[in-house]
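Participant: Okay, handing you the structure first.
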Amino acid sequence: MGFSLNRCMVAGFMLAISQFSFAQTSTDNTKPDYAAYTAALKVEAQAKGYDAALLDAVFSSLTFYERAISADKSQPEIVETLNTYLPKRVSETRIRMARERYQKYLPQLEEIGKRYGVQPRFIIALWGLESSFGRFMGNFSIPSALATMAYEGRRETFFKQEFFNALDILAQGHISLEDMKGSWAGAMGQSQFMPSSFLAYAQDGDGDGKKDIWTNELDVFASIAYYLKQQGWDNNGTWGREVLLPKGFDAGHAIQRGSLARNEWLQRWSASERSLADWHKLGVRRLSGEQLPQRDLQAALVLPDGPDGRAFLAYHNYKSLMHWNRSYYFVTSVGYLADLIVAEQG
């Protein structure tokens, strides 16, 4: 790679110290300040072989985001139920905007939907819920946000790898450094992909040679569709339906609640999953009180607020959406908005 690691290490530390004289210091005397931390991070990046000009540009731009640290440590513990969450996430304004954009982009959406095997209404629903159709993507520099979060240390390994992933995206030329913006936690663009998700799922929707999820709607749509398809999306199915449970229903038939790794959650899904005919035998009915569809479908039972709340039979595609964001509230909001986009309007 044409450089001496020791000489680069010294140069990197001196450069970082001169650039980050304003850097935050830690009350923990064993922890380096931000300037020293990013200097060491630059040495790691140099050892990985990144272009020197790219590293100079990125590391000279790094800013310590105290707001990111504060946001991470003080995320509010809001007592929410599905009944309070859904009206805010699937508001009348958002429904109207989703329908308008669905009609505006329908020819392109149908082409992308066929290419990847994902219904356009779900693409629009995810777009709307992640960034309000590209209106709110976050204005944090992604490299700075990720370096800040890595320095904070709670999930250092994760955020350091995401920082290097961001360098890969810049090196590939998909976005300029000044335009690489997103949330304080590093989620980027209109689809709010972390850099690792970008590298795994981002698509060039219009064939211009770039994967631009910040300003190119076709790339956004294709990237969302590809993500879902890679997680097993079934284009012939839907997400689920709200149902009525009989009095005295055994809530043990539902997916048991609790924060789990995905593999453990999938095991609980399998334990709950059974045919619609079997759910019918257990007394489960449509929300209208009518019997369930007489179709050969498997479904798991989801109780987002526990046995006293609303109940949903979740189909296969629900699992794909739960890979995107493992939140029953979020996935339910995607399903509701997707349904409302194409619902008959009176």
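For reference, each letter of the sequence shown is one residue, going -23 to -1, 1 to 323 in mature numbering (1 follows the signal peptide of the UniProt record, and there is no 0). Glycine is no exception: its CB is placed at the ideal position from the N, C-alpha and C atoms. Predicted model, so just to flag it, every value in this text is computed and none were measured.
Tell me the residue span of the alpha helix (DSSP H) that contains R78.
Facilitator: Locating residue 78 in the sequence shown gives position 101, counting from the first residue. Where R78 is concerned, the enclosing alpha helix (DSSP H) stretches over E69 to K81.
Participant: I need the boundaries of the beta strand (DSSP E) containing A162, first residue and last residue.
Facilitator: Counting from 1 along the sequence shown, the entry for residue 162 is found at position 185. That residue, A162, is in no beta strand (DSSP E); it is neither H nor E in DSSP.
Participant: Do you know whose CA, among N142, S108 and R71, lies nearest S160's CA?
Facilitator: Residue mapping note: residue 160 aligns to position 183 of the sequence shown, counting from 1. Among N142, S108 and R71, the Cα nearest to that of S160 is on S108.
Participant: For V220, report the span of its beta strand (DSSP E) as first-last.
Facilitator: Taking the first residue of the sequence shown as 1, we reach residue 220 at position 243. G217 to L221 is the span of the beta strand (DSSP E), which, as asked, contains V220.
Participant: What would DSSP say about A291, mapped onto helix, strand or coil?
Facilitator: Taking the sequence shown and counting its residues from 1, one reaches residue 291 at position 314. DSSP places A291 in strand when its eight states are reduced to three.
Participant: Give the list of continuous beta strand (DSSP E) stretches no shorter than 3 residues that lie fully inside the stretch 76 to 126.
Facilitator: Counting only runs of 3 or more, we get nothing.
Participant: With burial defined as no fewer than 16 other Cβ atoms inside 10 Å of the residue's Cβ, what is the status of F198: buried or exposed?
Facilitator: Indexing the sequence shown from 1 puts residue 198 at position 221. So F198 ends up on the buried side.
Participant: With H, G and I counted as helix, E and B as strand and the rest as coil, what does DSSP make of K188?
Facilitator: By 1-based counting over the sequence shown, the position of residue 188 is 211. Coil at K188, not helix or strand.
Participant: My guess is that S310 and L106 are in contact by the Cβ rule of under 8 angstroms, so how many angstroms apart are they, rounded?
Facilitator: In the sequence shown, residue 310 corresponds to position 333, counting from 1. In the sequence shown, residue 106 corresponds to position 129, counting from 1. About 6 angstroms; that satisfies the 8 angstroms criterion.
Participant: With distances taken between CB atoms, is the gap from D145 to P172 smaller than 9 angstroms?
Facilitator: As a working note, residue 145 is residue 168 in the sequence shown. As a working note, residue 172 is residue 195 in the sequence shown. Contact: yes.
Participant: What residue from W191, S153 and Q207 has the CA that sits closest to Y178's CA?
Facilitator: The residue labelled residue 178 in the question sits at position 201 within the sequence shown. The shortest Cα separation from Y178 among W191, S153 and Q207 belongs to Q207.
Participant: For my contact list, A315 and F99 are in at a C-beta cut-off of 8 angstroms; report their separation, rounded to the angstrom.
Facilitator: Taking the first residue of the sequence shown as position 1, residue 315 is located at position 338. Taking the first residue of the sequence shown as position 1, residue 99 is located at position 122. Contact flag correct, Cβ pair sits at about 5 angstroms.
Participant: Could you tell me if Q268 is buried or exposed, where buried requires 16 or more neighbouring beta carbons within 10 angstroms of its beta carbon?
Facilitator: Taking the sequence shown and counting its residues from 1, one reaches residue 268 at position 291. By the 10 Å Cβ count, Q268 comes out exposed.
Participant: By the three-class DSSP mapping on this structure, what secondary structure does Q275 have?
Facilitator: As a working note, residue 275 is residue 298 in the sequence shown. Reduced to three states, the DSSP call for Q275 is strand.
Participant: Compute the Euclidean distance between the alpha carbons of Y14 and Y62, then round it to the nearest angstrom.
Facilitator: Residue numbering aside, residue 14 sits at position 37 when the sequence shown is read from its first letter. Residue numbering aside, residue 62 sits at position 85 when the sequence shown is read from its first letter. Using only the alpha carbons, I get a separation of about 40 angstroms.
Participant: On the criterion of 16 or more Cβ atoms from any shown chain inside 10 Å, does E321 qualify as buried, or is it exposed?
Facilitator: Along the sequence shown, read from residue 1 onward, the residue named residue 321 stands at position 344. Exposed, since its Cβ has fewer than 16 Cβ neighbours within 10 Å.
Participant: Return the chain-ordered list of same chain residues with a C-beta closer than 8 angstroms to the C-beta of Q138, the five sequence neighbours on each side being excluded.
Facilitator: Counting from 1 along the sequence shown, the entry for residue 138 is found at position 161. These residues qualify, in order along the chain: S173.
Participant: Residues in its own chain within less than 8 angstroms of H293 by CB, not counting five upstream and five downstream?
Facilitator: Start at 1 with the first residue of the sequence shown, and residue 293 comes out as number 316. Closer than 8 angstroms at the Cβ level, and outside the excluded window around H293, lie G209, D211, G214 and Q275.
Participant: According to DSSP, is R239 part of a helix, a strand, or is it coil?
Facilitator: By 1-based counting over the sequence shown, the position of residue 239 is 262. Helix at R239.
Participant: From N60 to Y79, what distance separates their C-alpha atoms?
Facilitator: Position 83 of the sequence shown holds residue 60. Position 102 of the sequence shown holds residue 79. Spanning the two alpha carbons is a distance of roughly 26 angstroms.
Participant: Alpha carbon to alpha carbon, what distance is there between P97 and M74?
Facilitator: Within the sequence shown, the letter at position 97 stands for residue 74. Within the sequence shown, the letter at position 120 stands for residue 97. Near 15 angstroms, if we compare the C-alpha coordinates of P97 and M74.
Participant: How would you write the range of the alpha helix (DSSP H) that G312 sits in, first residue to last?
Facilitator: Sequence index remark: in the sequence shown, residue 312 carries index 335 (1-based). Per DSSP, G312 belongs to the alpha helix (DSSP H) from Y305 to I318.
Participant: For N116, count neighbouring Cβ atoms within 10 angstroms of its own Cβ and tell me buried if that reaches 16, exposed if not.
Facilitator: Looking up residue 116 in the sequence shown gives position 139. When all chains shown are included, N116 counts as exposed.
Participant: Are the stretch 34 to 41 and the stretch 277 to 295 touching by the rule of at least three beta carbon pairs closer than 8 angstroms?
Facilitator: No, the stretch 34 to 41 does not touch the stretch 277 to 295.
Participant: Which residue from S265, E155, P270 and A238 puts its Cα closest to that of L253?
Facilitator: Locating residue 253 in the sequence shown gives position 276, counting from the first residue. Nearest C-alpha to L253: P270.
Participant: DSSP beta-bridge partners for K65?
Facilitator: What you label residue 65 is simply residue 88 of the sequence shown in a count that begins at 1. Answer by DSSP bridge pairing: none, since K65 is not bridged.
Participant: By DSSP, does F170 sit in helix, in strand, or in coil?
Facilitator: Position 193 of the sequence shown, counting from 1, holds the residue named residue 170. Note: F170 maps to strand in three-state DSSP.
Participant: Grab me the residues of D156's own chain with a C-beta within less than 7 angstroms of its C-beta, minus the 5 sequence neighbours each way, in chain order.
Facilitator: Taking the first residue of the sequence shown as 1, we reach residue 156 at position 179. These residues qualify, in order along the chain: W191.
Participant: Using only the heavy atoms of the ligand PLP, determine whether one of them is closer than 8 angstroms to the beta carbon of G283.
Facilitator: Although the ligand PLP was asked about, the structure shown includes no ligands whatsoever.
Participant: Given a threshold of 16 other Cβ atoms within 10 Å of its Cβ, counted over all protein chains shown, does F140 qualify as buried or as exposed?
Facilitator: If you number the sequence shown from 1, residue 140 lands on position 163. With 16 or more other Cβ atoms within 10 Å, it is buried.
Participant: Apart from the five residues just before and just after I201, which ones in its own chain have a Cβ nearer than 7 angstroms to its Cβ?
Facilitator: Here residue 201 corresponds to residue number 224 of the sequence shown, with the count starting at 1. Cβ neighbours of I201 beyond the five flanking positions: I100, L103, W104 and S168.
Participant: Compare the C-alpha of I72 against each of G150, F110 and K187 and name the closest.
Facilitator: Residue numbering aside, residue 72 sits at position 95 when the sequence shown is read from its first letter. When only C-alpha atoms are compared, the closest one is F110.
Participant: Buried or exposed: which applies to A143, given that a residue is buried once 16 or more other Cβ atoms fall within 10 Å of its Cβ?
Facilitator: Residue mapping note: residue 143 aligns to position 166 of the sequence shown, counting from 1. Its Cβ being crowded by 16 or more others within 10 Å, A143 is buried.
Participant: What does K158 pair with, by DSSP beta-bridge criteria?
Facilitator: For the purposes of this step, residue 158 is taken as the residue at position 181 of the sequence shown. Looking at the DSSP assignment, K158 forms a beta bridge with S118.
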